[in-house]
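Q:
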Amino acid sequence: VILPSGPVRWRESVLFMKAQGVDTLVELGAGKVLGGLAKRIDKELSGSSVGTPADIDAFLKTL
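Quick note: the sequence shown uses the numbering used here, first residue 353, plus one each step.
(1) Relative to the alpha-carbon of S400, which residue among K370, G381, P359, L377 has its alpha-carbon at the smallest distance?
(2) Is E379 helix, strand or coil by DSSP?
(3) Is it buried or exposed for A382, if we count other Cβ within 10 angstroms and need 16 for buried?
(4) Could you check the C-alpha separation between V360 and G373 for me, to the nearest Å?
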């Protein structure tokens with residue numbers, strides 16, 4: 353696993369995605385940290401966290 357060693361520009365990334373028309377974020381893996389941070393940046397964004405195969409199946413049924 354390679355982890356970023358420099359600053360992550362999450363706020364700028366979220367604002368860029370929003371400007372491109374993204375309104376739903378899907379966080380893959382354990383936890384809901386990035387989705388929570390994104391919602392604090394822009395409350396209009398919705399998000400889902402999928403960390404297990406069962407989560408993936410449930411999420412796909414919502415599409």
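For each residue, glycine too, the CB sits at the ideal point set by N, CA and C. Because the structure is a prediction, the values reported are computed rather than measured.
A: Judging by the given coordinates:
(1) What you label residue 400 is simply residue 48 of the sequence shown in a count that begins at 1. Nearest C-alpha to S400: L377.
(2) Against the sequence shown, residue 379 aligns to sequence position 27. When DSSP states are grouped into helix, strand and coil, E379 belongs to the strand group.
(3) The residue you call residue 382 lines up with position 30 of the sequence shown. With a 10 Å radius around the Cβ and a threshold of 16 neighbouring Cβ atoms, A382 comes out exposed.
(4) In the sequence shown, the residue the question calls residue 360 occupies position 8. In the sequence shown, the residue the question calls residue 373 occupies position 21. Cα-Cα distance, rounded: 21 angstroms.
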